[in-house]
Structures are given as C-alpha cells and as structure tokens.
RNA sequence: GGGGCUGUGGGGUAGCUUGGUCUAGCCUUCGAGCUUUGGGAGCUUGUGACCCCGGUUCAAAUCCGGGCAGCCCCA
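In the working numbering, the protein residues as written are 1 to 479.
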C-alpha cells in the first residue's frame, strides 16, 4: 500500500485542496517550474513537447487554410504602439518597457510585445497597395509579455506566455467574417480531438472584448476549482486598426478602401486547462493523442531476467509507432515504477512478467481508469490502438459532463450569487450597461460575463439593475 | 486594488515565542555498495540547507527594516 507522507506522488487530494494539488501536479509531473522572475515560468520538456504537438497540428491546419508564418520583432517603439487609442488604453497598464541598453538611455522606449497588432500593421500598411495584395494572412508563433500584478498561477496567469498570433487583412468584411468560422473550426478541432476538451464558444460583451476590436469570440472551459478559463480567441477588428495604421488599398474600380481585419490566438494557458481537467490524485493524465510516449513497458522480474528484457525490447520494436518507454530500472521496485509512470501520465502501461511470458500475453493497464486487461501478444497492436482511442473518448466524455454539470441558469441576483458560490457557470439575464458588468463582479467576488448566450431574453430583467435585459450571458469566476 | 501567511539541503519539516547548547535534528530524495522486485522493500555508507541586502548585539536561522519569491483570502 502507498505509504502516507513519504511519497513522491501528490500528497493532497484534488477535491480537498485544489491549489496545492495543482501546484504539486505541475512540479512533480515535471511540467513546469518557477523561475526567479515572478510570473515567468519554465516549461519543462514534458509540457513543451505537448505544446509542440499542438503547434504542429494547428500550424498544419493554418497552412492548409492559406495562412503563412512570419516573424516580427519582440520590441515595439512607443510611437507605433500609441496609434490605436482603445488598444493602447487596454494594454498600457501591463506593458513592460525597455528604456536602456548597457548604460545608455534609449531615445525612445520600446514595448516588449503584449501582442503584435501595432508593429505588424505598420508593415501591412507598407505592403498592401492594391486589391491584388489581399488577402494578407500572417501568423507567428512567439512569446508575449503582459506584466500583470495579480498573483501568478502557472499556465493560467503568467507574465510571459507562448501563443500563436494570427493577423489577417481582407478586402471585404464578408471575407474577414468567413475566416472567423474557419479559425473556430481549427481551434475546436485541436481542443476536442487532441486535448479532449469540449468548450463553450461565444461572443464577448462590449466590456470584455479585445481592446480595439469590433467583436471578440472565445472558447471557454471549466476546471474543477469552479473557474472558467478563456481559451482560443478570435477578434474581428473591422477597419479600426486599418484606419489607425492607414492600411488601405485601391480596389478594382480604383477607389481607396480600408482593409478588414482579424486577430486570433491560442496560448499555453490551454495546457493548464488540459492538465487540470483530466488529471487525478495519482498525478497527470495526458490525452493519448498528445502523449509523446503512449505506452510504458514494465518488465516485472529480478531486473536481470534476460528473457523478459529481451521480450520487452522486442515489444518496443513491434510497438514503435506508440514510442514506448521500457522501464529497465533495476534499482527500484515494480510498484514504484507503476506510481512513477502514473504520476507522469503515460496513457497505457504494459506489464510483462514471467506469467505473461509463459502465456504469450501482456497485461495492459489504462492510466485513466486503472482497468487491467490481459491481451494476447498477437492482438497487442490492435488492442493498444483501440484502448488509446477509448481513453481519449472517456476523457472527452468526462470533460463534457464536468462542463455540463456545472452550468446553471439564474434569473435573480440571489440565485446567481448562490450558484457562483457553488462554483458554477451561471446563465443570467443582463443589460448592456457596463456598470452592471462591473457591479456583477463586485457583488460576486469577481465573476464576470464570459459570453453572450443565444437564449432569448425577451421580457427578462437584468439581475443587477432590474431594467430590461438585452441578453443572457454566461458568467463565472475566471483567472 | 486591499488584507493575511510563509521562506531552513532536490521535496517535506524541527528549531524562531524567550538570540548562545546549531558543529542546525528528523523523514524522504539523490550517490555508492549489498540485497530485493506482480503496487511506493531492507541494511551499510555518503553528498546536500538557514532567500537576499542592511541594522541591533559580544553573539542572529531566531529580533528589526527593506527587497525578492511563493501561497491564501477579500474586492
């Protein structure tokens, strides 16, 4: 039995002490570590490898959709940063500035990009002259810095993060809006089919939209401490930046027109969502399609049983497509190996002992349910493929019920507060008044509108001011 | 935005109130050796720490100030 208090595993239960559980998960499963700069975390190989897979998949879809990669500088001169007023106001409180180099003061301070609209659009203005130059659709995979002063939380609230930022320019609004649908699909596919995370997609209220955008739409996720998290985002900028940065072209009739633009992103924050939603008290659970090593083979023997080792390596070759790890460590016990790989989230464990060897079998154990199956060697490949799919589907289903079981509807302030306290995402009637949104946050200890619901608000009253509601919104506490 | 708590080897902690016995104790990890292996084995042995800067004092892990870092709660 697992000894208490001396384990390398997680020492608290997810459902009892979420914060500590999360912290231990991140550190002990070797996903991330703190650095000496507050809010700037280190992505260790185990999480970075997953990020690379996500990047790879999305990037492939981007390219198929006609989006090209580019790279723009991390430093943005103050003068260019200041051209779009709403954008500036939205970001300036958390911009980090470079003011000197060596011991010389710079003639103009440089922003460390919190996002790259401003620097990219200066180039767009130069590059776009004719309708023939459109559409221009560029993406970059990079880091961004937003110097927040709230308590940092690994993955969820970090001052530096990795993401993609896509920035498109089209000749017409229609094309720009059509791109939004494609991007939604690309992000959704990645989140659902790789990360096994179903989300809620919807449009932000005016108050919550991206600084400078016409509208913002995002995916939203629910994690077990009752918080909602914002995932991949799509911002339609209309002609706001085009006008501020003078991005215009001559159309087929020789008329000068401003371009229509979009911005879209997915960040490393999603890794945190994925780790939290699927993992358990034994540690990390990695959705199979994102697992670098999908199986671990544990030979159970005196460690120098040549026949077992030989068989293990033979299986490793046969199962190469699943990048198996063979745990040949002979200085720890079998039980410890089991705990170790469970902590690290390998989707399938294959146990191979004399018993199996004799019967030409392998014992297959699922990480998410710990269910054991004895499989004939001859059927192994097929069984593994099927089990990996099964695990993915189970993780997705569980995530889906988690989400669905935590959405409620309320039509009074009192019910709303009660449900927020019970850690729910709550659908409420609200009016468009910004002050009502702010008030909502105040009375609820930080719950904010996530997105506008399709639910008909006709005849309903705003739960804050009591006037006619404009819409239903989903609201919850967030990071 | 406001408040609170915390910082001792890789991880968890004792010591701090009442400064000296601390040459900093314990568990775990890690290294070496023996031994063991179907759910965190055992023995021997070794490595490894008082967050940083300043102050008070004959003397600071301990008290004071500042900084940095982490956590929690409220808005």
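From the three backbone atoms N, C-alpha and C, an ideal C-beta is built for every residue, glycine too.
Query	Result
DSSP three-state assignment for residue 350, whether helix, strand or coil	strand
The beta strand (DSSP E) enclosing residue 216, as first and last residue numbers	215-222
Residues bridged to residue 355 (per DSSP)	Paired residue(s): none; residue 355 is not in a bridge.
Pick from 334, 333, 67, 313 that is closest to residue 324, judged by C-alpha positions	313
Distance CB(residue 72)-CB(residue 41) smaller than 9 Å	no
Same chain only: Cβ atoms within 6 Å of residue 12, ignoring 5 sequence neighbours per side	20, 21
Cα-Cα separation between residue 152 and residue 160, rounded to whole angstroms	11 Å
Three-state class that DSSP yields for residue 20 in the structure shown	helix
Assigned secondary structure, residue 31 (DSSP; H/G/I helix, E/B strand, else coil)	coil
Cβ pair count under 8 Å reaching 3, the stretch 428-442 against the stretch 462-471	yes
Extent of the continuous alpha helix (DSSP H) to which residue 547 belongs	No answer is possible for residue 547: it lies beyond the span of the chain, which begins at 1 and ends at 479.
Entirely enclosed alpha helix (DSSP H) segments - the stretch 40-112, minimum 4 residues	45-65, 78-81, 85-91
Three-state class that DSSP yields for residue 261 in the structure shown	strand
Between the CA atoms of residue 213 and residue 133 - distance to the nearest angstrom	23 Å
Sequence-distant residues of the same chain with beta carbon closer than 6 Å to residue 480, five excluded per side	This structure cannot speak to residue 480, because the chain is shown only from 1 to 479.
Where residue 478 sits in the DSSP three-state scheme	strand
Boundaries of the beta strand (DSSP E) in which residue 405 is found, first to last residue	Neither: residue 405 is in no beta strand (DSSP E) and is coded neither H nor E.
Residue 234 and residue 216 closer than 9 Å at C-beta	yes
Buried or exposed (CB count within 10 angstroms, at least 16 for buried), residue 383	buried
Paired residues, beta bridge with residue 472 - DSSP	429
As assigned by DSSP and simplified to three states, the class of residue 192	helix
For residue 467, three-class secondary structure by DSSP	coil
Close beta carbons around residue 457, own chain, < 7 Å, minus the five adjacent residues each side	429, 469, 470, 471, 472
The stretch 37-53 contacting the stretch 171-178, beta-carbon criterion three pairs below 8 Å	no
Collapsed DSSP secondary structure at residue 491 in the structure displayed	Since the displayed the chain opens at 1 and closes at 479, residue 491 lies outside it and no answer follows.
Contact under 9 Å by Cβ, residue 154 with residue 284	no
Through-space distance from residue 48 to residue 404, alpha-carbon basis	30 Å
Neighbourhood of residue 281 by C-beta distance below 7 Å, restricted to the same chain and skipping five residues each side	10, 13, 14
Of the residues 395, 237, 286, 271, the one placed nearest residue 172, counting alpha carbons only	237
For residue 360, three-class secondary structure by DSSP	coil
Of the listed residues 167, 329, 117, 385, nearest to residue 264 (C-alpha basis)	167
Cβ separation of residue 316 and residue 297, assumed to be a contact under 8 Å, to the nearest whole Å	6 Å
Where residue 421 sits in the DSSP three-state scheme	helix
Straight-line gap, residue 101 to residue 111 (C-alpha atoms, nearest Å)	14 Å
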